[in-house]
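If you're matching positions, the sequence shown starts at 349 in this note's numbering and goes up one per residue. Glycine included, C-beta positions come from ideal geometry on N, C-alpha and C. Have a look at the structure below before the remarks.
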Amino acid sequence: REVIGDDEDGILQLHEDLIEERESAKVARKQLRGDILATKRQKEQQLNANDVAVRQIERLKSNLLDVKHNNQEKRMGIGDIIKNTEKLEGTYKVLARNERETIKKLREEKKRKKYSAL
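As structure tokens, this is what we get:
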């Protein structure tokens, strides 16, 4: 029965196989390191992109709050305008009623003077 490595050719073959396996392992380690570095770079890029997205979202939130604040101020301004308009309408009604009453009194006085002159 013959076992590999029993003779000189077998030992040389085992030695060559060992050298090929070492070279293959070196190549595999280099590829693995390259894959690890590529993955690391990809994760860093993704984290940077996420940071940019978070900053954009924060800016948009801030802008939205500004818009909401401005809208509230405008609504408050519109409320004041409506209140003033209602006050003016009330004042106008009072003035119009006073004018009608004054005209009515003047007409009545005119009639009294006319009848009293006769």
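N- and C-terminal bounds of the alpha helix (DSSP H) containing D383 = 356-465
May I have the straight-line CA-CA distance separating V402 from L385, to the nearest angstrom?
-> 25 Å
Rounded straight-line distance, which links the Cα of Y440 to that of E298 | No answer is possible for residue 298: the residues shown for the chain start at 349 and end at 466.
How long is the line joining the alpha carbons of T450 and Q420, rounded to whole angstroms?
-> 45 Å
For R349, which residues from the same chain have a beta carbon less than 6 Å from its beta carbon, with the 5 sequence-adjacent residues on both sides left out?
-> The predicted position of R349 is uncertain, since its pLDDT is 48 and thus under 50; a value taken from the coordinates is nonetheless stated next. Excluding residues within five positions, none has a Cβ falling inside 6 Å.
Neighbourhood of D428 by C-beta distance below 8 Å, restricted to the same chain and skipping five residues each side | none
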